[in-house]
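Inspection log for the structure reproduced underneath, given as structure tokens.
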Amino acid sequence: MEYTKQLILSCLLNICQKLSPDGGKIPKDVLDEEKFNVELIVQCIRVSEMPQTHHHALLLLGTVAGIFPDKVLHNIMSIFTFMGANVMRLDDTYSFQVINKTVKMVIPALIQSDGGDSVEVTRNVEAIVVKIMGVFVDALPHVPEHRRLPVLVQLVDTLGAARFLWVLLVLLFEQYITKTALAAACGEKVSVGGGWNARRVFPSGL
């Protein structure tokens, strides 16, 4: 059954890439948005325990984000919450590539939805970005140490360091302070692992 799902997801990905080589929107008469059920792809991720199925589904969602951005944005928190709880914890090159591709293809659809014409839309986008960053920060202790910095760099570069780097720093400080307080209450010591210099990593955003 899982292999069948993977074949179907791969076929759908291939079709989407053929219909939209540049990853942009396509005419309604070619593929009607109402007939493309993004929720079913998300459901494949939720009910499957196979990493390969997760990878296929995430790659398809990343491609669909450019074609039907509104549909993917409606499920964006489900996508990144799943990634934080599962895929980001895997220590293999393919999973790391899937994370990077998903971030690079889904996040721009979110940022582009904020045209700057509406204060309410801007606030909604920023609120979603904070939640997505929160997912990454919460998952960070479970991410293989050598992959933590590259994951954060990809996330902030895609979001835009000038606009959102400060959010990441606040969330990281909050997590560290919370962990330090809990450790102190239990009489334990907390070491800061994977130290990095924000100015060196994101020079254009500071």
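Residue numbering for the sequence shown is 1 to 206, as defined by the UniProt record's numbering.
Each residue gets a CB set at the ideal place from its N, CA and C atoms; glycine is no exception.
Given the structure is predicted, the values throughout are model-derived calculations rather than measurements.
Would you tell me roughly how many angstroms separate the C-alpha atoms of residue i and residue j, rounded to the nearest one?
i: Gln-112; j: Thr-4; result: 34 Å
i: Glu-2; j: Asp-117; result: 44 Å
i: Leu-182; j: Leu-171; result: 17 Å
i: Ile-79; j: Leu-155; result: 14 Å
i: Val-137; j: Asp-92; result: 20 Å
i: His-54; j: Thr-180; result: 34 Å
i: Val-30; j: Ile-177; result: 52 Å
i: Gly-24; j: Gln-175; result: 37 Å
i: Val-151; j: Ile-26; result: 31 Å
i: Phe-173; j: Ser-20; result: 41 Å
i: Val-119; j: Glu-126; result: 11 Å
i: Tyr-94; j: Met-133; result: 22 Å
i: Met-105; j: Leu-169; result: 23 Å
i: Ile-128; j: Met-77; result: 8 Å
i: Arg-163; j: Ala-65; result: 22 Å
i: Ile-45; j: Val-121; result: 28 Å
i: Val-167; j: Thr-63; result: 27 Å
i: Leu-7; j: Ala-185; result: 51 Å
i: Ile-107; j: Ser-48; result: 24 Å
Reducing DSSP to helix, strand and coil, say where residue i ends up.
i: Met-77; result: helix
i: Gly-115; result: coil
i: Asp-91; result: coil
i: Leu-152; result: helix
i: Ser-20; result: coil
i: Ser-133; result: Note on residue identity: the sequence assigns Met, not Ser, to residue 133. Here Met-133 sits in helix by DSSP.
i: Pro-144; result: coil
i: Cys-44; result: helix
i: Met-1; result: coil
i: Lys-101; result: helix
i: Asp-157; result: helix
i: Asn-37; result: coil
i: Leu-31; result: coil
i: Glu-120; result: helix
i: Ile-26; result: coil
i: Glu-49; result: coil
i: Asn-86; result: coil
i: Phe-164; result: helix
i: Cys-11; result: helix
i: Val-68; result: For the sequence presented, residue 68 should be read as Phe rather than Val. Three-state result, Phe-68: coil.
i: Gly-193; result: Bear in mind that the predicted position of Gly-193 carries a pLDDT of just 47, short of 50, making it too unreliable to give a figure here.
Can you find a heavy atom of the ligand ATP that lies under 6 Å from the Cβ of residue i?
i: Gln-97; result: The ligand content of the structure shown is nil, which means the ligand ATP is not present either.
Give me, in chain order, the residues of the same chain whose beta-carbon lies closer than 7 Å to that of residue i; leave out the 5 immediate sequence neighbours on both sides.
i: Ile-41; result: Ala-57, Leu-60, Leu-61
i: Leu-73; result: Ala-109, Leu-110, Ser-113
i: Ile-99; result: Met-83, Val-87, Met-88, Val-151
i: His-146; result: none
i: Met-50; result: Glu-2
For residue i, which residues of its own chain have a beta-carbon under 8 Å away from its beta-carbon, when the five flanking residues on both sides are left out?
i: Glu-39; result: Asn-75
i: Ala-85; result: Ala-139
Quick one: residues in its chain with C-beta nearer than 6 Å to the C-beta of residue i, no 5 flanking neighbours on either side, listed in chain order?
i: residue 247; result: Because the chain is modelled from 1 through 206, residue 247 falls outside the range shown and cannot be assessed.
i: Leu-12; result: Leu-60
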